[in-house]
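Q: This is the structure I want to talk about, given as structure tokens.
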Amino acid sequence: MSNQNASKMWSGRFREPLNATFEQWQRSFPFDWRLLPQEIAASSAHARAIAAAGILTDAELKQMLDGLAAVAARFPASGDLQQTGAAIVASSPGAEDIHHFSELELHKEIGDLALKLHTGRSRNEQIATDMRLFVRDAIDNTLAGLREWIAALIEIAEAAQDAVMPSYTHLQRAEPVLIAHWLLAYVSMAERDCTRMADCRKRMNLCPLGSGAIAGATLALDRTIAASALGFDAPTPNSMDATSDRDFALEFTSAASILGIHISRFAEELTLHSTAEFGFLDLPEAFSTGSSAMPQKKNPDLTELIRGKSGRLLGANVTLSVLIKGLPLAYNKDLQEGQEPVFDVADTLAGMFSVLPAFTRALRFREDRMKVAADTGYLNAMAAATYLTHKGVPFRKAHEKIGNAVRFGLESGRELGELTLGELQEFGPEFGEDFFASVTLEATLDCHDVIGGTARHRVAEAVQAAKQRLSLSSNEE
Ligand code: ARG
Numbered sequence: 221m222s223n224q225n226a227s228k229m230w231s232g233r234f235r236e237p238l239n240a241t242f243e244q245w246q247r248s249f250p251f252d253w254r255l256l257p258q259e260i261a262a263s264s265a266h267a268r269a270i271a272a273a274g275i276l277t278d279a280e281l282k283q284m285l286d287g288l289a290a291v292a293a294r295f296p297a298s299g300d301l302q303q304t305g306a307a308i309v310a311s312s313p314g315a316e317d318i319h320h321f322s323e324l325e326l327h328k329e330i331g332d333l334a335l336k337l338h339t340g341r342s343r344n345e346q347i348a349t350d351m352r353l354f355v356r357d358a359i360d361n362t363l364a365g366l367r368e369w370i371a372a373l374i375e376i377a378e379a380a381q382d383a384v385m386p387s388y389t390h391l392q393r394a395e396p397v398l399i400a401h402w403l404l405a406y407v408s409m410a411e412r413d414c415t416r417m418a419d420c421r422k423r424m425n426l427c428p429l430g431s432g433a434i435a436g437a438t439l440a441l442d443r444t445i446a447a448s449a450l451g452f453d454a455p456t457p458n459s460m461d462a463t464s465d466r467d468f469a470l471e472f473t474s475a476a477s478i479l480g481i482h483i484s485r486f487a488e489e490l491t492l493h494s495t496a497e498f499g500f501l502d503l504p505e506a507f508s509t510g511s512s513a514m515p516q517k518k519n520p521d522l523t524e525l526i527r528g529k530s531g532r533l534l535g536a537n538v539t540l541s542v543l544i545k546g547l548p549l550a551y552n553k554d555l556q557e558g559q560e561p562v563f564d565v566a567d568t569l570a571g572m573f574s575v576l577p578a579f580t581r582a583l584r585f586r587e588d589r590m591k592v593a594a595d596t597g598y599l600n601a602m603a604a605a606t607y608l609t610h611k612g613v614p615f616r617k618a619h620e621k622i623g624n625a626v627r628f629g630l631e632s633g634r635e636l637g638e639l640t641l642g643e644l645q646e647f648g649p650e651f652g653e654d655f656f657a658s659v660t661l662e663a664t665l666d667c668h669d670v671i672g673g674t675a676r677h678r679v680a681e682a683v684q685a686a687k688q689r690l691s692l693s694s695n696e697e
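First residue of the sequence shown? That's 221 in my numbering, and the numbers climb one at a time after it.
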């Protein structure tokens with residue numbers, strides 16, 4: 221009864237061999253090898269569940285767990301991931317996927333006892349479980365990276381003290397702000413990214429094992445055994461959903477995309493600030509590159525690559541969305557195509573966070589130039605109009621009077637604070653001596669004295685509050 225598919229996990233009903241090209245083409249082992257740690261953890265949990273159901277004796281369970289641990293040991297915790305992968309893949313050219321590979325390897329370790337492991341389970345629930353475990357780890361790594369970046373942002377915000385910069389709307393200078401205030405804007409974004417990741421982790425932390433191929437395990441398994449062995453909160457509630465759901469992956473790539481958009485905006489601003497035209501930033505040499513052609517160049521490759529790599533995150537999210545949207549319930553092989561984008565997102569994020577915190581800490585702002593840019597060009601015009609409203613002038617009128625004063629200043633090459641009281645009073649009798657104190661750089665900052673505003677004491681408080689949130693979130697770990 222044997223046939224050429226005999227080494228497969230499904231050979232019984234087949235008489236014809238697989239087309240050799242198709243066979244190679246449909247394999248996922250060349251990329252899903254990296255799920256080996258998850259596959260072994262899930263298989264060990266399943267072994268405990270079937271032992272509890274009477275399929276394995278205690279001695280057999282022990283033998284199986286030892287065998288699985290021996291297979292896992294082929295995947296060193298440290299070392300070059302790609303090299304490890306290349307060696308694992310080359311070692312088993314016949315393995316269809318990671319599930320097949322583990323079974324073949326377990327057979328080498330413990331012989332025919334290995335053939336009992338697949339009792340009461342299906343690869344459909346296995347891949348769903350392995351991927352959840354992978355995404356859960358990727359979320360934990362991303363949270364660690366985000367926290368490290370937040371710590372770096374807070375550090376440089378604190379170091380910047382009361383240093384100022386212009387803020388921009390429409391990329392036109394708007395009002396002066398503290399450099400720390402601008403940096404804390406990114407802290408806010410990164411904090412939202414943390415909560416999105418953590419939220420996704422909470423929602424996905426359910427165990428598909430015991431869902432079978434589609435309709436639930438054919439053994440009366442206690443599904444809580446595998447769930448708790450793997451650190452899941454509970455078993456998933458519906459077998460059809462559990463074997464075909466990839467929301468957890470989609471939420472992860474979606475949260476990663478938003479995070480990528482944030483980091484990309486930061487990268488774009490720094491790229492812009494480092495130009496001679498802005499001159500706000502000396503790029504750290506340790507994170508810049510030169511030009512092979514133009515000897516004078518120092519290029520912002522780090523920020524450009526961050527901007528570029530955030531595109532990959534978005535791409536992965538689109539790939540997954542399109543992959544899933546037309547699939548009938550439950551498992552379809554299309555889902556195999558959803559693995560690589562998730563791996564790529566995890567790797568891309570890990571790469572970004574391997575450089576971003578150190579780069580952030582190495583930033584040196586040219587505070588003198590930023591101050592000149594913040595202190596000239598009528599960035600105090602709104603503060604000036606506000607001064608008039610305190611004198612009882614309706615804001616709409618105040619806006620117009622200050623607009624006229626700005627026009628006059630532009631024509632005579634002077635800032636608002638450089639006009640004489642007599643000149644100002646041409647635009648309104650409400651101007652008094654106290655006007656000059658209300659349009660200094662400090663007063664212009666401090667008049668934004670609201671929660672979330674750039675008044676100096678508000679920003680100092682905001683830095684402390686951010687620090688405290690960071691230490692609380694790290695303690696929650
Ligand atoms: N390699 C497969 C995947 O990634 C595992 C599940 C296979 N299931 C099946 N019914 N063929 O999706």
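By construction, the Cβ of each residue, glycine as well, lies at the ideal position given by its N, Cα and C atoms.
Quantities reported herein were computed from a predicted structural model and do not represent experimental measurements.
Verify whether the separation of the beta carbon atoms of Ala262 and Leu439 is less than 8 Å.
A: Going by C-beta atoms, Ala262 is not nearer than 8 Å to Leu439.
Q: Roughly how far, in whole angstroms, is the beta-carbon of Ser512 from the beta-carbon of Ala462, given that I think they are within contact range, below 8 Å?
A: Rounded, the Cβ-Cβ distance is 54 Å, inconsistent with contact.
Q: What separation, rounded to the nearest whole angstrom, lies between the Cα atoms of Gly232 and Pro428?
A: Approximately 27 Å between the Cα atoms of the pair.
Q: Looking at Asn239 and the ligand ARG, is the gap between the Cβ and the nearest heavy atom below 7 Å?
A: Asn239: no, Cβ never under 7 Å from the ligand ARG.
Q: Between Gly365 and the rest of its own chain, which residues show a CB-CB distance below 6 Å, the 5 nearest in sequence each way excluded?
A: Closer than 6 Å at the Cβ level, and outside the excluded window around Gly365, lie Phe573.
Q: Whole alpha helix (DSSP H) runs in the region 555-620 with 4 or more residues, listed along the chain?
A: Runs of the alpha helix (DSSP H) inside the region 555-620: 559-582, 587-595, 601-610.
Q: Tell me whether Arg466, by its Cβ, gets closer than 7 Å to a heavy atom of the ligand ARG.
A: Checking the Cβ of Arg466 against the ligand ARG gives no.
Q: Could you check the C-alpha separation between Gly340 and Asp442 for me, to the nearest Å?
A: Going by the C-alpha atoms only, they are around 12 Å apart.
Q: Out of Pro396, Val626, Lys228, Gln684, state which residue places its alpha-carbon closest to the alpha-carbon of Asp595.
A: Nearest option by C-alpha distance: Pro396.
Q: Give me, in chain order, the residues of the same chain whose beta-carbon lies closer than 8 Å to that of Val683; leave out the 5 immediate sequence neighbours on both sides.
A: Here the set comprises Ile374, Ala377, Glu378, Ala400, Leu404.
Q: Around the Cβ of Phe579, are there at least 16 other Cβ atoms within 10 angstroms (buried) or fewer (exposed)?
A: Buried, because 16 or more other Cβ atoms sit within 10 Å of the Cβ of Phe579.
Q: Can you check which of these residues, Pro577, Gly571, Glu653, is closest to Ala604 by C-alpha distance?
A: Comparing Cα-Cα distances from Ala604 to each of Pro577, Gly571, Glu653, the minimum goes to Glu653.
Q: Starting from Ala394, follow the beta strand (DSSP E) in both directions and report where the run begins and ends.
A: Counting along the chain, the beta strand (DSSP E) containing Ala394 begins and ends at 392-398.
Q: For Ala711, name the three-state secondary structure that DSSP assigns.
A: Absent from the model: residue 711. The displayed extent of the chain is 221 to 697, so no value can be given.
Q: Using 10 angstroms around the beta-carbon of Trp230, count the other beta-carbons present and answer buried if the total reaches 16, otherwise exposed.
A: So Trp230 ends up on the exposed side.
Q: Straight-line CA distance for Tyr598 to Gly535?
A: Approximately 42 Å, taken between the alpha carbons.
Q: CB of His266 to nearest heavy atom of the ligand ARG: below 7 Å?
A: Checking every heavy atom of the ligand ARG against the Cβ of His266, none is found closer than 7 Å.
Q: Please indicate yes or no: does the CB of Leu549 lie closer than 7 Å to some heavy atom of the ligand ARG?
A: Result no, Cβ not under 7 Å from the ligand ARG.
Q: Just how far apart, CA to CA, sit Ala570 and Arg421?
A: In a straight line, the C-alpha of Ala570 is about 17 Å away from that of Arg421.
Q: Tell me whether Ser350 is buried or exposed, calling it buried when 16 or more other Cβ atoms sit within 10 Å of its Cβ.
A: The residue asked about is misnamed: residue 350 is Asp in this sequence, not Ser. Asp350 comes out buried.
Q: Taking the CB atoms as reference points, tell me whether Asp521 and Thr539 lie closer together than 8 Å.
A: It is not a contact, given that the beta carbons lie outside the stated cut-off.
Q: Please classify Tyr388: does DSSP put it in a helix, a strand, or coil?
A: Reduced to three states, the DSSP call for Tyr388 is strand.
Q: Would you mind giving the Cβ-Cβ distance between Leu501 and Leu583, rounded to the nearest angstrom? I have them listed as a contact below 8 Å.
A: Yes, Leu501 and Leu583 are in contact; Cβ-Cβ is about 7 Å, under 8 Å.
Q: Let me check understanding here. Comparing Cα to Cα, which of Ile671, Leu639, Thr473 lies closest to Val562?
A: Among Ile671, Leu639, Thr473, the Cα nearest to that of Val562 belongs to Thr473.
Q: Quick one: Cα of Gly648 to Cα of Ile671, how far?
A: Going by the C-alpha atoms only, they are around 32 Å apart.
Q: Can you tell me the Cα-Cα spacing of Ser222 and Arg254, whole angstroms?
A: In this predicted model, Ser222 has a pLDDT of only 41, less than 50, meaning its place in the structure is not dependable enough to derive any value.
Q: Please classify Ala380: does DSSP put it in a helix, a strand, or coil?
A: Looking at Ala380 - three-state DSSP - the assignment turns out to be helix.
Q: Near Glu325, which residues of its chain fall below 7 Å by C-beta distance, leaving aside the five closest residues on each side in sequence?
A: Excluding positions up to five away in sequence, the list reads Val291.
Q: If we call anything under 8 Å between Cβ atoms a contact, is Lys591 one with Val384?
A: Against a cut-off of 8 Å, the Cβ pair of Val384 and Lys591 comes out as a contact.
Q: Starting from Gln684 and walking both ways along the alpha helix (DSSP H), at which residues does that stretch end?
A: That run of the alpha helix (DSSP H) goes 676-695.
Q: Closest by CA to Thr523, which one among Pro548, Gly546, Arg485, Gly499?
A: Comparing Cα positions, the closest option is Arg485.
Q: Reducing DSSP to helix, strand and coil, say where Cys414 ends up.
A: Correct three-state label for Cys414: helix.
Q: Return the residue from the list Val575, Thr640, Phe628, Phe651 that minimises the CA-CA distance to Thr609.
A: Per the Cα distances, Phe651.
Q: May I have the straight-line CA-CA distance separating Ala269 from Asp357, to the nearest angstrom?
A: Going from the Cα of Ala269 to the Cα of Asp357 covers about 23 Å.
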